[in-house]
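Chemist: Residue numbers (the working numbering), protein chains in the order written: chain A, 13 to 167; chain B, 13 to 167.
One structure follows; several queries about it will come next.
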């Protein structure tokens with residue numbers, strides 16, 4: 013895909029997250045894109061990201077929802093301000109709270125699809141709801157309360 | 013420590029979780045123990061488990077709470093049945109839901125301490141509440157609703 017992902021717009025000094033930082037060589041480097049009013053992210057777990065054999069461990073599902081959620085929050089904030097993602101100042105969100113409901117075991121040998129929608133923007137806070145699907149079946153649902161990163165976080 | 017951890021009692025075929033399976037060579041292999049009525053787990057993140065430089069990424073905190081939570085659920089169920097952990101049948105829990113509140117950035121160059129308590133046992137369900145601390149400061153709080161693994165999960 014030649015389209016740039018949400019995470020490709022993170023400033024270099026905020027692009028080292030294990031889940032979503034393009035500069036973290038050991039990390040997942042997830043990529044999120046708009047698909048209409050939904051954001052979408054595809055991810056292929058490795059064989060060792062297992063819970064019980066054949067299924068993805070819950071922490072990875074939480075990680076994917078978290079990072080896809082904060083990415084979606086940033087992208088939604090640009091949209092709310094009618095700004096292109098390449099424009100300054102850059103938005104970067106951290107997670108205030110994360111909730112995940114595990115509905116079904118998530119198969120590991122399948123490309124996972126995350127879809128998310130922005131439910132609410134209130135000041136510096138964005139609430140995002142997400143699903144994780146495998147083979148078209150929703151295996152987990154999550155909610156991320158994301159908050160625009162305080163300037164004091166940035167070294 | 014020569015004491016066996018909760019996870020050391022997981023049956024071999026259920027000991028491959030990336031977060032807590034002793035047989036997952038790539039995984040975190042967390043170890044949880046009783047400390048009175050609380051369970052405790054110490055974990056040292058790697059340098060690349062970063063969110064923004066200097067801090068732990070949220071997905072790892074969620075993973076630790078999740079796996080320490082399911083381990084605590086199993087251990088609590090043995091206690092509720094007045095059984096030693098080495099006795100059969102073995103308890104192994106999966107996560108129905110996970111909630112994490114991120115209170116403060118969690119420093120990465122510090123041994124993290126998780127503490128958890130069992131809040132409720134109801135049939136096959138156990139609710140566990142947990143904290144993640146660094147240098148004595150609580151950085152995150154979580155709740156795990158754990159359910160005894162259905163026999164159909166086990167291959």
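Glycine included, every Cβ here is placed at the ideal spot set by N, Cα and C.
All of these numbers come straight from a predicted model, not from anything done at the bench.
Roughly how many angstroms lie between the CA atoms of residue 147 of chain B and residue 123 of chain B, to the nearest whole one?
Modeler: 8 Å
Chemist: Tell me where the alpha helix (DSSP H) around residue 77 of chain B begins and ends.
Modeler: Looking at the DSSP string, the run of the alpha helix (DSSP H) that includes residue 77 of chain B is 70-92.
Chemist: Less than 8 Å separating the beta-carbons of residue 28 of chain A and residue 62 of chain B?
Modeler: yes
Chemist: Please list, in chain order, all residues of the same chain as residue 49 of chain B whose beta carbon is under 7 Å from its beta carbon, the five residues on each side excluded.
Modeler: 129
Chemist: Determine which residues of the stretch 89-111 of chain A have a Cβ less than 9 Å from any Cβ of chain D, and write them out in chain order.
Modeler: Within the model displayed, chain D is absent; protein chains A and B are what it includes.
Chemist: If we cut at 8 Å on Cβ distances, does residue 119 of chain A have a partner in chain B?
Modeler: no
Chemist: Is it the case that the Cβ atoms of residue 110 of chain A and residue 77 of chain A are separated by a distance below 8 Å?
Modeler: yes
Chemist: Name the chain A residues that come within less than 7 Å of residue 78 of chain B, Cβ to Cβ?
Modeler: The contact set of residue 78 of chain B on chain A, defined by CB atoms closer than 7 Å, consists of 70, 71, 74 in chain order.
Chemist: Along the chain, where does the beta strand (DSSP E) containing residue 158 of chain A start, and where does it finish?
Modeler: 149-160
Chemist: Can you list the residues of chain B that residue 61 of chain A reaches, using a CB-CB cut of under 7 Å?
Modeler: Per Cβ cutoff of 7 Å: 30.
Chemist: Please go through the same chain and pick out, in chain order, the residues whose beta-carbon is closer than 7 Å to the beta-carbon of residue 103 of chain A, but skip the five residues on each side of it.
Modeler: 86, 89, 90, 160
Chemist: Could you list the residues in the stretch 31-55 of chain B with a C-beta less than 9 Å from some C-beta on chain A, going in chain order?
Modeler: 31, 32, 33, 36, 37, 38, 39, 40
Chemist: Residues in the same chain with beta-carbon distance under 6 Å from residue 74 of chain A, minus the five sequence neighbours each way, listed in chain order, please.
Modeler: Contacts found: 112.
Chemist: Would residue 36 of chain B be called buried (16 or more neighbouring beta carbons within 10 Å of its own) or exposed?
Modeler: buried
Chemist: Thinking just about the alpha-carbon of each residue, which of A:136, A:96, A:98, A:127 is nearest to the one in residue 144 of chain A?
Modeler: Residue 144 of chain A has its Cα closest to that of A:127, out of A:136, A:96, A:98, A:127.
Chemist: Among residues of its own chain, excluding the 5 on either side of residue 72 of chain B, which ones have a beta-carbon nearer than 7 Å to its beta-carbon?
Modeler: Here residue 72 of chain B has 57, 61 as same chain residues with Cβ atoms under 7 Å from its own Cβ, once five neighbours each way along the sequence are excluded.
Chemist: With distances taken Cα to Cα, identify the nearest neighbour of residue 136 of chain B among B:163, B:154, B:151, B:153.
Modeler: B:163
Chemist: Closer than 8 Å by beta-carbon distance: list the chain B residues that pair up with residue 113 of chain A, in chain order.
Modeler: 108, 109
Chemist: How close, in whole Å, do the beta carbons of residue 119 of chain A and residue 69 of chain A come, if the pair is a contact with beta carbons under 8 Å?
Modeler: Approximately 12 Å separates the beta-carbon atoms of residue 119 of chain A and residue 69 of chain A; this is outside 8 Å, ruling out the contact.
Chemist: Nearest to residue 82 of chain A by alpha carbon, out of A:59, A:45, A:149, A:150?
Modeler: A:45
Chemist: Which term fits residue 171 of chain A, buried or exposed, when burial requires 16 or more other beta carbons within 10 angstroms of its beta carbon?
Modeler: Summary: the structure shown does not reach residue 171 of chain A, with chain A confined to residues 13 through 167, and so no result is reported for it.
Chemist: Please state the DSSP three-state secondary structure of residue 47 of chain B.
Modeler: strand
Chemist: Output the distance between the C-alpha atoms of residue 121 of chain A and residue 52 of chain A, rounded to the nearest integer angstrom.
Modeler: 19 Å
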